[in-house]
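Residue 13 is where the sequence shown starts when you use our numbering, and the numbers rise one by one after that.
Ideal placement from N, C-alpha and C gives every residue a C-beta, glycine not left out.
This one's a predicted model, so the numbers in the text were calculated from it and none came from an experiment.
Here the structure is laid out as structure tokens; the discussion comes afterwards.
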Amino acid sequence: MSKTTRTPKKVPVSIHDFKKFTTPKSLALSPDGRLLAYTRSWTDEKQNKSFANLHVLDLMTGQSRQWTSGEHTDRGPCWSRDGRKLSFFRNEKGEDRIYCFDRDGGVPNLLWKGRGSLAGMEWAQDDTTLVVKFRKADPDKEAEQAIAEGKTPESKAPVARRITRLFYRLDGVGFFPEDRYHLYKLDIKSKSWTQLTKGPADDSAFAISADGNVLAYVGNSHRDPDQHPYDNDICFINLKSGRRSVLDGPQGEKLSLSFSPDGKWLVYLGHHNKKDAWGVEPIHPWRVDLRTGRIKNLTPDYDRQAGELSLADIGFEFESYDVKWSRDSKFMYYVVSDRGDSAIVKTPVGGGTPEKFWRTAGIVGLFDLKNNKMAVLHADYKSIGDFHVCDDITRKGATFRRVLSHNREYLNSAAFAKVQEYWVSSTDKTRVHTLMFTPADFSPRKKYPAIIYVHGGPRAQYARVFFHEMHALAAQGYVVVLPNPRGSQGYGKKHAEAIVGAWGTKDWEDVEAVADWLDSQKFVQKNRVAICGGSYGGYMTNWALGHSRRFRCGITDRSVVDLKAFAGSSDIGYLDHLEFGGYYWANPEGYSKMSPLTYAHKIKDPLLIVHSENDLRCAIEQAEQLFVALKVRGRTAEFLRFPEESHGLSRGGRPDRRVVRMEAYHDWFKRYLKK
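In structure tokens form, the structure reads like this:
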């Protein structure tokens, strides 16, 4: 008699599961398309830290080798043009460093080190020169002495900070040094380090021509670049002669640069609306004819945003604005966000409607294209970062094959939520794309409490991607609903701009419509619907509870409460006038009307306020104002503060704090939604 093999029982998703994930962070194909270099992150639970090491996958043999190890965060792998060298960044002992491997691995050579921040590099044609983007740290004699003695300098605050710039800090980064990001040339043989650019503004995107002789970069020429962040030009430096020039073309947002292999074209992703600071204006590919200087929008009628604008908590680092070329320079490839997916599209050099090349549902975190071979880092509901490869993009009916999976053992053992999609009817005949996570053992004949979870941005989208936090909530017996209301990206410009100068109007109508739809579902317990969200999602949570008694309770996380205060306390708040109809002193009634604090006296349902003390995007004073406004009125409210953490706690904070945050969510919903 044959024995029956029992299928192992799957385990419910736990709050702690994210610590098991290993997540690809960056990728780079070798010029011949054979080797795929990538970094992969992992969590050390004892140290409460995450690290990342460098790996190389041979696409011919299928073998992946780990090239670095240890408690480092390696990043930014970059192949030399002949494919014989692989450089990468590492922060070590208080310095940023550039290391370099030979093609076969071995021990990496240290090419350069210095106090500051490295943010990008590219090899010139002769493979003896690297162009690097770098920002120097402020002088610190004690730190420099510690480094000289082989020690890691202590991290401590200065005696004082004298601020003269409007844009002087950034969430997740902290206070800027006096220097800005500029471009440097590193000679590999002599180790000489030459500064190529300077000025009061950061240099952003850059690229080197196919022949290795010309450097193009995006620079801001305005005397006050902080208030004019889109006064950007494309500048050129001949790396041999030193000759400099500036493209005579429209200024505006320019997020990437890419030379065609034949040297005739330069393409950038961007727009020319200098008054768009909140991501409404569509990002399109623009082609520069390097012979004539003429500029052309290649997809003027395409109503989608280039770039990966999806939200997830699986640790991806999106390089969403890259443009890659086919070997014959006839087509370019880039990512667009489209109705809950991100796709790689193909656009001819002459322009026209983009054709979807990578059509698989889910999101594209990263991709690269070399020698007509394309590698894609992809995630969907059932995967947390898999590599797929197309061996020849020119082949008719070209297909992809999965070459490496991450976290497969975990994915095969966990009992995940079921995910369904709906289009909910709202006002003005708007249809709101909505995702719903239900418990793994969901039955439509049972009844469940429900949570509407509003995303941040607002110019972002929920997507068809693995979302650990939502699975963990569903595992507790909740139906979790994720809407993309007006203001979201991925659904065209009209959808994205519907709330400009009118937060709390069309977006709230859409959230209400989703709540109405939930109430009509037989599997949802009557009067047991909660609302929560982070950042703009926290704004909408505050707004909803101040305008309706339909929600049993709420959780507002890293939220906006008072738009007037936000304009001064946020790292980017000085640009709010472009979104909210002018500066607050010129439009006080408008700011007050759109601020949830104005309606805080109407909030009567239990509210948990979650905020990070080092949040520079939505300062903690926003949460403090709301907490006091509720407590002095005797409302049920609690305030959970996280020291040291930034706006991105839920996605990249210290592991123990991420756990405590999710435990607080579960406890709050258990107290006020289930009971």
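Bounds of the alpha helix (DSSP H) holding Tyr603 are Pro600 to Met606. When C-alpha distances from Gly82 are compared across Ser53, Leu123, Thr19 and Trp529, the shortest belongs to Ser53. When DSSP states are grouped into helix, strand and coil, Asn554 belongs to the helix group. Beta-bridge annotation (DSSP): Pro36 is paired with Arg52. When secondary structure is reduced to three states using DSSP, Val226 falls in the strand class.
Assignment of beta-bridge partners to Ser129 by DSSP yields Arg147. For Lys97, the uninterrupted beta strand (DSSP E) run begins and ends at Lys97 to Glu104, by DSSP.
If you keep only unbroken alpha helix (DSSP H) runs of at least 4 residues inside the segment 169 to 225, you get nothing at all.
Contact between the segment 633 to 640 and the segment 21 to 33 is not established, with fewer than three Cβ pairs separated by less than 8 Å. Val672: member of the alpha helix (DSSP H) spanning Pro667 to Phe681, first to last residue. Between Arg87 and Glu107, the beta carbon gap of about 14 Å keeps them out of contact (Cβ cut-off 8 Å). Excluding its 5 nearest sequence neighbours in each direction, Asp183 has C-beta neighbours in its own chain below 6 Å: Asp583, Leu628, Arg629, Ser658 and His659, listed in chain order. Separation of the CB atoms of Asp44 and Gly95 is rounded to 6 Å, and the pair is thereby assigned contact status at 8 Å. With contact defined as three or more Cβ pairs closer than 8 Å, the segment 116 to 132 and the segment 187 to 200 are in contact. Around the beta carbon of Val357, 16 or more other beta carbons sit within 10 angstroms, so the residue counts as buried. The beta carbon of Trp515 sits closer than 6 Å to those of Met606, all from its chain and outside the five residues before and after it, given in chain order. Within the segment 440 to 493, the complete beta strand (DSSP E) segments of 3 residues or longer fall at 443 to 450 and 460 to 466, listed in chain order. Its chain contains Arg46 and Leu47 as the residues whose beta carbon lies nearer than 7 Å to that of Asp70, once the 5 sequence neighbours on both sides are disregarded; these appear in chain order. Across the set Ala391, Gly646 and Trp277, the C-alpha of Ala391 shows the shortest separation from the C-alpha of Phe479. Taking 8 Å as the upper bound for CB-CB distance, Ser438 and Glu521 are in contact here, some 6 Å apart.
Gly118 carries a strand assignment under DSSP once its states are collapsed to helix, strand and coil. According to the DSSP secondary-structure assignment, Ile249 is paired through a beta bridge with Leu227 and Arg256.
Inside the segment 335 to 378, DSSP marks whole beta strand (DSSP E) runs of 3 or more residues at positions 343 to 350, 353 to 360 and 367 to 370, from first to last along the chain.
Between the alpha carbons of Ile200 and Leu142 lies a gap of roughly 7 Å. For Val25, there is no enclosing beta strand (DSSP E), as DSSP marks it with neither H nor E. Nearest to Arg457 by alpha-carbon distance, out of Gly275, Phe535, Lys342 and Glu134, is Phe535. Under the DSSP definition of a beta bridge, Arg235 lacks any partner. Scanning its chain for C-beta atoms nearer than 8 Å, with the 5 sequence neighbours on each side dropped, one finds around Arg561 the residues Lys616 and Asp617, in chain order. Ser604 and Val230 have their C-alpha atoms some 38 Å from each other.
For a cut-off of 8 Å, the C-beta gap from Leu323 to Gly502 is around 11 Å, too long to register as a contact. Non-local beta-carbon contacts of Met448 in its own chain, meaning distances under 8 Å to residues more than five positions away in sequence, involve Val431, Gln432, Glu433, Tyr434, Val491, Val492, Val493 and Leu494 in chain order. Bridge pairing for Met386: Leu381 and Cys402 [DSSP]. Ser500 places its beta carbon less than 8 Å from that of Pro470.
Checking the DSSP bridge columns, you'll see Ala641 has no partner listed. Exposure of Arg256 is indicated by the presence of fewer than 16 other C-beta atoms within 10 angstroms of its C-beta. Considering only Ala641, Val541 and Arg666, the residue with the shortest C-alpha distance to Lys687 is Val541.
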